[in-house]
DNA sequence: GTCTATACGAAGATAGAC
DNA sequence: GTCTATCTTCGTATAGAC
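Residue numbers (my numbering), protein chains in the order written: chain C, 1 to 180; chain B, 1 to 180.
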């Protein structure tokens with residue numbers, strides 16, 4: 001299928017961003033990872049790399065929102081567990097070689113527009129998570145949602161750097177204690 | 001002074017890492033930022049970029065440990081405030097263009113050795129912070145220290161992406177509530 | 001200890017054939 | 001819609017003069 005190539009490239013860009021950051025996500029890497037045909041880069045992304053990265057951030061953001069949506073109606077502890085399980089899966093499946101692609105764009109992109117877009121994604125996550133926590137009866141849901149996003153992002157980085165799930169699990173337990 | 005050049009280059013590398021990540025910290029950038037003479041790169045860093053980055057991570061790690069040391073003897077809330085003040089200063093002075101250079105190396109370096117070294121720095125911070133918190137009478141000091149490092153690192157990223165100190169301050173307040 | 005010059009590869013991007 | 005070829009710029013690194 002022809003239009004499959006674009007989707008595969010975006011998906012590969014998300015993975016490569018999560019592993020090696022912005023500059024590590026080169027066209028060559030994306031093409032070899034996605035098995036997409038070389039001549040179709042500027043067909044699908046006429047504005048070049050910026051457009052590819054923007055698509056990747058958008059899709060990565062939407063993916064996490066979908067994970068959050070699936071947690072609707074759960075009690076607070078279930079929401080915490082579900083959200084942390086998503087990040088744990090990233091760490092385990094990649095053997096600590098991948099993290100959050102949106103965070104990677106924030107700290108390693110040279111494009112102000114890309115950072116802005118990442119900020120929008122973080123805001124969307126925080127807003128949706130706060131809704132769920134509020135429905136579950138958590139006090140000050142926005143404040144706890146912000147803590148949860150920040151702590152989980154940081155915990156993923158710590159686990160990656162230390163090649164150890166321990167700091168991630170420690171943060172997970174502490175978040176449960178706070179919300180309990 | 002001749003031997004000043006090396007120190008200036010390392011200092012510039014720390015700043016550039018915090019702003020643009022690993023690949024954004026090129027020799028050209030480091031040289032123009034540090035005003036160091038071009039011919040002295042491989043004099044001071046015969047092993048090239050890897051050696052420069054390693055020196056930057058080591059110094060950045062030691063700098064934060066020094067900040068922690070200065071908080072010795074304070075009550076728990078003072079330790080939280082002092083640690084968060086360090087990161088707040090980075091965000092404010094850079095107008096949200098800089099974050100943590102050790103985190104940046106973790107997520108955007110292509111060198112496994114550099115990531116290992118970053119992990120060692122995070123461990124050292126956590127250990128020292130846990131000591132201080134334990135002395136201040138905090139229960140489960142290691143677990144809270146890990147949460148604090150993770151949450152502060154994540155909060156810095158959120159504030160950068162959103163160009164707003166609000167998520168950072170929200171996390172700061174929540175950490176105080178947890179420890180208080 | 002610092003300089004210039006340069007080698008070599010990889011990056012993003014464009015042109016034009018098919 | 002995909003291909004090959006090519007351009008330019010930038011990155012790291014080295015050689016050899018001063």
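Note that CB positions come from ideal geometry on N, CA and C, so glycine has one too.
| Asked | Found |
| --- | --- |
| Alpha helix (DSSP H) segments (min. 4 residues) lying fully within the segment 98-156 of chain C | 101-108, 112-135 |
| Proximity below 8 Å, CB of residue 180/B to CB of residue 62/B | no |
| Spatial distance of residue 21/B from residue 57/C (CA atoms) | 18 Å |
| Residue 136/C vs residue 75/C beta-carbon contact at 8 Å | yes |
| Cβ distance (whole Å) where residue 84/C is taken to contact residue 172/C below 8 Å | 5 Å |
| Nearest candidate by alpha-carbon position, reference residue 111/B, set 15/B, 23/B, 42/B, 13/B | 23/B |
| 8 Å Cβ cutoff met for residue 148/C and residue 80/C | yes |
| Residues near residue 119/B by beta carbon distance below 8 Å, same chain, minus five either side | 106 |
| From 116/B, 26/B, 178/B, residue whose alpha carbon lies closest to that of residue 144/B | 178/B |
| Close-in-space but distant-in-sequence residues of the same chain around residue 108/C (CB under 6 Å, 5 per side omitted) | 21, 22 |
| Any non-hydrogen atom of the ligand SAM closer than 7 Å to residue 161/B Cβ | Questions concerning the ligand SAM fall outside what the structure shown contains, since it holds no ligand whatsoever. |
| Spatial neighbours of residue 97/C in its chain, beta-carbon cut-off 8 Å, leaving aside the 5 residues before and after | 19, 160 |
| Opening and closing residue of the alpha helix (DSSP H) in which residue 167/C lies | 166-179 |
| Sufficient close CB pairs (3 or more, under 8 Å) joining the segment 6-14 of chain C to the segment 39-54 of chain C | yes |
| Neighbourhood of residue 29/C by C-beta, 7 Å cutoff - its chain only, sequence neighbours within 5 removed | 16 |
| Cβ contact (3+ pairs, closer than 8 Å) linking the segment 124-133 of chain B and the segment 120-136 of chain C | no |
| For residue 21/C, three-class secondary structure by DSSP | coil |
| Residues from the segment 81-111 of chain C in contact with chain B, defined by Cβ distance under 7 Å | 99, 103, 104, 106, 107, 108, 110 |
| Residue 36/C to residue 33/B span [Cα, whole Å] | 39 Å |
| Alpha carbon of residue 49/B to alpha carbon of residue 27/B, nearest angstrom | 8 Å |
| For residue 74/B, three-class secondary structure by DSSP | coil |
| Short CB-CB distance (under 8 Å) between residue 141/C and chain B | no |
| Cβ-based contacts, 7 Å cut-off: residues of the segment 116-134 of chain B near chain C | 118, 119, 122, 123 |
| C-beta contact flag for residue 129/C and residue 68/C at 8 Å | yes |
| For residue 154/B and residue 101/C, the rounded distance between their alpha carbons | 13 Å |
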